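Protein chains in written order, with this note's numbering: chain A, 1 to 247; chain B, 1001 to 1080; chain C, 2001 to 2361.
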Amino acid sequence: MKVVAEPSAEALAPHGFDFCPGCGYGSVLLALTDVVASLERKPVFMVDIGCVDFMTAHMPGDVLMGPHGRTSVLASGYKRMRPDRLVCAIQGDGGFMGLGATESLHTAARGEPITIIVLNNGVLADTGGQLAATTLSGKATSTTPAGRASQHGAPVPFLEMLAMLGGVAYAERVAIDSALGIRRMRRAIGKAFAVQGSGAGLTIVEVLSPCPTHWRMDTVQAWEYIRESVSTVYPTGVLVDRSGAPE
Amino acid sequence: MTKTTGTVDIAEQLCKGCDLCVDVCPEHVLAMTDRLNTKGWLVVALVADGCTGCTLCADVCPDGVFTVYREERQPTGARR
Amino acid sequence: MTATRRFASGNEAVIDAALAAGCHFFAGYPVTPATEILEAAADKFPAHGRIVVPTEGEVAAIHMVAGASLAGFRAMTATAPLGLSLMSEALSFFSGMTELPGVVVVQQRWGPGDGSLGPGQDGYDQATRGCGHGDFKMIVLAPKTVQELVDLTIEAFDLAERYHLFVLVMGDQLLAIASEQYSVPEPAERAPRQVDFGNDTGLVLPELVAVDETAGDFAALERVGRRWEQKYAEIERDVPRAEHNGDEGDVDLTIVAYGSLARIAEHSLPILRDHDMRVSLVRPITLWPFPDTAVRAACSAARTIIVGELSLGQMIHDVTAAIERKPDGLVNWLGGRAPSTDEFAERVLEAHSALAGGSVR
């Protein structure tokens, strides 16, 4: 029989991933590895702090882990001097949309021609599931045990805010909530790199990623929660495509 | 009606027993076992005939557990 | 290399020095009294094919500098201690943990918080103690003239690459705005340094993260810490520098001061001599590593040792450690005010006569 699906041994080396069961971050790594294998030259990666930093050992290319939230500007500085390289920043929602929101916003405004993959699981997961900018209203976290209420502010539609800026060449939100969602994520990442290669501006893929551990659900419920709740607040789809490049 | 046949290899050491594959498998041929791997996670197993090699389990598995095999579709007139 | 003579402010001169050093990248955010450095970069960098990014803040600036450095290019920013506070987390990551070379010119103004706009030297502790969290140090150079600001800025890039860390060039508001003659080499092209990152070998940086992932034990992590310990010890051995001038042999008084205040002190020496005193001045040029040996040697022949600072007294603790006793006095100015040479001499004489009345040594 013929092999029709095979995980990347390179990505999994040496002992597999350290994410929790059902965490979407492994799916992102596998998709990214797949996409990178089809590129002429590997991108360089800058990884934020958070659960994303468990990705560093498995990235399909050279990787630098930098301070929390500022990965976009770190990557921009590198790209300014190495416009010939594909540069990819990997950030969580806490870093990209919370702590580093200023830098993220102005990276978009400047249209830095890098690709940012934002893994949005709606909590500060690495530190134990605290309130994040993206947490849905009503959702219980370890710092909002009775649920996110009005005094904690409303969920921030950060990608929609960035999409208003002319510097963003491509922005797509995808969801790890089904096999189809995972395939769309892989395609979106591929598209983002293609647009970056054309030098059009900032490319962003936001991935709604399940965090069963801190959402206090089983893994299948976490997918349902994305489909039924998260993606109604953060709708999936292409928000910006100023690339002019073919799909 | 002909049906494609397939099978899967399961890298038990990578499995965390998250159950997503069991949920998506359209043929219901995967199930959680009560075995633990050396990391302490329950592992999944192929427990019945009927795998079609559709790759949904591999698509959804966040830990790269599955290698999927499928019998080549034969030209008209082939067996089955 | 041909040198040009120019007449401009310290802030403008910094960018002439940066161009001469082959600096390819500048990112910065305005803050008094360093703003004109960013403006001079914006004015002069593009014509030489260099990149300048006026960022949304100091945090973005220092990260962009780190990114450019990661690519192998000489990169810098400029700020005040206020901005250095904002950059301190990044410096911990990039100078301390990742060991990237880079240069930050820090023009000091006095005060905590927003402080005042006048000159200060109260960024001393911040700069010489690594300024951010964790076990790391940065080389801190303290020029006293615009010429020395130029020379030390150029040298800062060399030191940064030799030791793989960030070098701070610590000036102050006087040095920032004072216009003086200086000589500076012509802008130079410089090939990027060879870097391992970006060669697609699966490199993981910083080393501490890579070690944590592969070895995963504290003994392996400690070995990285021990390597840093050795690196900093080598810098403490080879880099300290001080200037000592004034009367030879036994003296009544040795003054310890750095930067612009040392320059004022230097010009006050003739006034002090008019009061029948034998005097000398020792000026640390490197604030970290502190020139312990030179300061100790200079002070060993002095009956009285007085430290001058534009702060509540920060360097005085390093002087204490170097000479292994408390200096006899501190003359200091606060609020963003620096003294004239007359005022400096007057305050030193007051302090000295107060001491002479008591038991000095």
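Each residue gets a CB set at the ideal place from its N, CA and C atoms; glycine is no exception.
Fair warning: this is a prediction, and the values are worked out from it, not measured in the lab.
With a 10 Å radius around its C-beta and 16 neighbouring C-beta atoms as the bar for buried, classify residue 2133 of chain C as buried or exposed. exposed
Alpha-carbon spacing of residue 1026 of chain B relative to residue 1048 of chain B, whole angstroms: 12 Å
7 Å CB neighbourhood of residue 243 of chain A in its chain, flanking five on each side removed: Counting only Cβ-Cβ distances below 7 Å, and skipping sequence neighbours, we find 169, 170, 195, 198 and 200.
Interface residues of chain B facing residue 1 of chain A [CB-CB closer than 9 Å]: Within 9 Å Cβ-Cβ: 1005, 1006, 1007, 1053, 1069, 1070, 1071 and 1072.
What residues match up with residue 2076 of chain C in a beta bridge as DSSP calls it? C:2026 and C:2103
Between residue 12 of chain A and chain C, is there a C-beta pair that is closer than 9 Å? no
Determine the burial state of residue 2135 of chain C: buried for a count of at least 16 other Cβ atoms within 10 Å of its Cβ, exposed for fewer. Looking at its Cβ environment, which holds fewer than 16 other Cβ atoms inside 10 Å, residue 2135 of chain C is exposed.
Of the residues that make up the stretch 17-35 of chain A, which ones have a beta carbon closer than 8 Å to any beta carbon in chain B? If the cut-off is 8 Å between Cβ atoms, the stretch 17-35 of chain A has 17, 19, 20, 21, 22, 23, 24, 25, 26, 27 and 30 near chain B.
Do residue 2102 of chain C and residue 2130 of chain C have their C-beta atoms within less than 9 Å of each other? no
Compare the C-beta of residue 223 of chain A with all C-beta atoms of chain B and state if any pair is closer than 9 Å. yes
Tell me the DSSP secondary structure of residue 2361 of chain C in three-state form. Residue placement at residue 2361 of chain C is poorly supported in this model, since its pLDDT is 41, which falls under 50; the coordinates are not used for a value here.
Report the rounded CA-to-CA distance for residue 100 of chain A versus residue 190 of chain A, giving the unit in angstroms. 25 Å
Using 9 Å as the limit for Cβ to Cβ distance, is residue 179 of chain A near chain B? yes
Check whether chain A comes within 9 Å of residue 2332 of chain C, counting only Cβ atoms and requiring the distance to be less than that. no
Quick check on residue 175 of chain A - is its C-beta less than 9 Å from some C-beta in chain B? no
Where residue 17 of chain A falls: helix, strand or coil (DSSP): coil
For chain A, check one thing: does any of its Cβ atoms lie closer than 9 Å to the Cβ of residue 2063 of chain C? So, interface residue.
Kindly indicate if chain A contains any beta-carbon less than 9 Å away from that of residue 2068 of chain C. yes
How is the alpha helix (DSSP H) around residue 2272 of chain C delimited, first residue to last? 2259-2273
Which residue marks the beginning of the alpha helix (DSSP H) containing residue 2 of chain A, and which one marks its end? Premise fails: residue 2 of chain A lies in the beta strand (DSSP E), 2-5, not in any alpha helix (DSSP H).
C-beta contact flag for residue 2142 of chain C and residue 2341 of chain C at 9 Å: no
Residue nearest to residue 2070 of chain C in terms of C-alpha spacing, selected from A:67, A:79 and A:68: A:79
Restricting to Cα atoms, I'd like to know which of A:203, A:97, A:114 and A:173 is closest to residue 124 of chain A. The option with the nearest alpha carbon to residue 124 of chain A is A:97.
For residue 41 of chain A, return the contacting residues in chain B, with the cut-off set at a CB-CB distance below 8 Å. For residue 41 of chain A, no chain B residue has a Cβ inside 8 Å of its Cβ, as the nearest lies near 24 Å away.
What residues from chain B crowd round residue 182 of chain A, counting only those whose CB sits closer than 7 Å? 1059 and 1060
Throw me the rounded Cβ distance for the residue 2204 of chain C and residue 63 of chain A pair, which I believe falls under 8 Å. 6 Å
Count the other CB atoms within 10 Å of the CB of residue 2361 of chain C; is the residue buried (16 or more) or exposed (fewer)? In this prediction, residue 2361 of chain C scores a pLDDT of 41, lower than 50, which makes its location untrustworthy; the coordinate-derived value is nonetheless stated afterwards. Counting Cβ neighbours within 10 Å, residue 2361 of chain C comes out exposed, since fewer than 16 surround it.
Could you give the distance in angstroms between the alpha-carbon of residue 2092 of chain C and the alpha-carbon of residue 1070 of chain B? 53 Å
Which residues, taken in chain order from the stretch 2190-2208 of chain C, show a beta carbon closer than 9 Å to some beta carbon of chain A? 2192, 2196, 2197, 2198, 2199, 2200, 2201, 2202, 2203, 2204, 2205 and 2206
Just mark residue 93 of chain A as buried or exposed, buried being the case when its beta carbon has 16 or more other beta carbons within 10 Å. buried
Any 3 or more C-beta pairs closer than 8 Å across the stretch 64-74 of chain A and the stretch 37-54 of chain A: yes
Which residues in the same chain as residue 2246 of chain C place their Cβ atom closer than 6 Å to its Cβ, once the five residues preceding and following it in sequence are excluded? 2269, 2279, 2280 and 2281
CB-CB under 7 Å to residue 2264 of chain C, same chain, minus the five flanking residues each way: which ones, in chain order? Closer than 7 Å at the Cβ level, and outside the excluded window around residue 2264 of chain C, lie 2338, 2339, 2341 and 2344.
For residue 161 of chain A, decide whether its Cβ has a neighbour in chain C, counting only Cβ atoms nearer than 9 Å. no
8 Å contact criterion, which residue 2077 of chain C and residue 2104 of chain C should meet: CB distance rounded: That pair is a contact at about 6 Å.
For a contact defined as C-beta to C-beta under 8 Å, what are the partners of residue 2051 of chain C on chain A? 80 and 81
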